[in-house]
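A.B. asks: Sequences listed follow chains W and F, in order. Each residue of the first sequence is one higher than the last, beginning at 1 in the numbering used here. Each residue of the second sequence is one higher than the last, beginning at 127 in the numbering used here. Here it is, the structure, as structure tokens.
Number of protein chains: 2
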Amino acid sequence: MITKRTYTISELASEFDVTPRAIRFYESEGLLNPERDGQKRIYYSKDYVLLKLILRGKRLGWSLAESKQLLDLYDPSQQNQNQYHQVLQKIEESRLRLEQQRQDIELMVLELDEHQARIEQAMSGT
Amino acid sequence: MITKRTYTISELASEFDVTPRAIRFYESEGLLNPERDGQKRIYYSKDYVLLKLILRGKRLGWSLAESKQLLDLYDPSQQNQNQYHQVLQKIEESRLRLEQQRQDIELMVLELDEHQARIEQAMSGT
DNA sequence: CTCAAAGCTTACGTTAACGTAAAGGTTAAC
DNA sequence: GTTAACCTTTACGTTAACGTAAGCTTTGAG
């Protein structure tokens, strides 16, 4: 019999370099729903993955509400709420936003490259 | 004699679909510094570009303070403040962050693709 | 047994990025 | 010459995403 890997809140916190408070906050906002052992929260690898997705969203500037929408798309227990074509539409919206971000990144990197070249030019002329 | 293109604050606002208040706020945070005609602010294409960069940063989840740092790198009048190698270092930091975001986007898009395929599978089986 | 470490809830505080509103100046059109 | 459409400044309000602190419970180690 295999026992699933579990995490305490502080384990999860140090794993991702966030505070327990933040993790609890994500739960209060409906993004996580860990099981309990009495009072204590128990996190499984499912929650681990969810937290990873949340933090990925944060790095991309998504609000928790936006990330929640995305997570809900993947949540089978919510599948009845969201009609299929509605899900497909939300997927498409996310994709568009990501595409825009991708463009923004390309441009930023290009400009950084150019500016770096200018600086190095100026430095060589010292 | 050519006269440069200028913008009023509301022109610039509607151009980028933000409010005049937001533009004034960016100025108060030191990201913009439009000239004046008496009381009135006058924006040139230089400011137009700056605002574009600010909003691009916002789409990538950068704070105004972070965007300001980036803009300061491009500002020649600040060039004396920032030593060359310091500038190069900040450029490198920005590049790293953008690289991380790029990765995050790749992963998100991949997962969206997979999920979309699953949905379409499920739909075809109706 | 006891005490330190970790967990819990509740609640108030904080920062960023504006929104909203008030009160007033300027100017082009009628 | 007055009204509508903008502009200005000042100031208080709001929301998101936690931080911080207080007070209480649980638990493994010595």
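Just so it is clear, CB atoms sit at the ideal spot from N, CA and C, and this is done for glycine as well.
Roughly how many angstroms separate the alpha carbons of Leu112 (chain W) and Leu214 (chain F), rounded to a whole number?
C.D. replies: The alpha-carbon atoms of Leu112 (chain W) and Leu214 (chain F) are separated by roughly 10 Å.
A.B. asks: Report buried or exposed for Asp104 (chain W), applying the criterion of at least 16 other Cβ atoms within 10 angstroms of its Cβ.
C.D. replies: That one is buried.
A.B. asks: Tell me the rounded alpha-carbon separation between Asp163 (chain F) and Arg221 (chain F).
C.D. replies: Rounded to whole angstroms, Asp163 (chain F) to Arg221 (chain F) spans 38 Å at the Cα level.
A.B. asks: In or out: Asp47 (chain W) buried (at least 16 other Cβ within 10 Å) or exposed?
C.D. replies: Buried, because 16 or more other Cβ atoms sit within 10 Å of the Cβ of Asp47 (chain W).
A.B. asks: So, is Lys194 (chain F) buried or exposed, given that buried needs 16 or more other C-beta atoms within 10 angstroms?
C.D. replies: It counts as buried.
A.B. asks: Against chain F, which members of the region 6-36 of chain W pass a CB distance test of less than 9 Å?
C.D. replies: Those would be none; no residue qualifies.
A.B. asks: Whole angstroms is fine: what's the gap from Tyr170 (chain F)'s alpha carbon to Lys178 (chain F)'s?
C.D. replies: Rounded to the nearest angstrom, the two C-alpha atoms are 13 Å apart.
A.B. asks: Terminal residues of the continuous beta strand (DSSP E) containing Asp37 (chain W)?
C.D. replies: Start and end: Glu35 to Asp37.
A.B. asks: Since Ser220 (chain F) meets chain W, which of its residues come closer than 9 Å, beta carbon to beta carbon?
C.D. replies: Under the 9 Å cutoff, chain W gives Met108, Val109 and Leu112.
A.B. asks: Check whether chain F comes within 8 Å of Gly61 (chain W), counting only Cβ atoms and requiring the distance to be less than that.
C.D. replies: Yes, its Cβ sits closer than 8 Å to a Cβ of chain F.
A.B. asks: Alpha carbon to alpha carbon, what distance is there between Ala13 (chain W) and Ile23 (chain W)?
C.D. replies: Using only the alpha carbons, I get a separation of about 7 Å.
A.B. asks: At the level of alpha carbons, what is the spacing between Glu99 (chain W) and Gln39 (chain W)?
C.D. replies: Each residue's Cα considered, the two are about 43 Å apart.
A.B. asks: Measuring only the C-alpha atoms, how far is Gln116 (chain W) from Pro160 (chain F)?
C.D. replies: Roughly 27 Å separates the two Cα atoms.
A.B. asks: Tell me which residue opens and which closes the beta strand (DSSP E) that Arg41 (chain W) is part of.
C.D. replies: Arg41 (chain W) -> beta strand (DSSP E) spans Lys40 to Tyr44.
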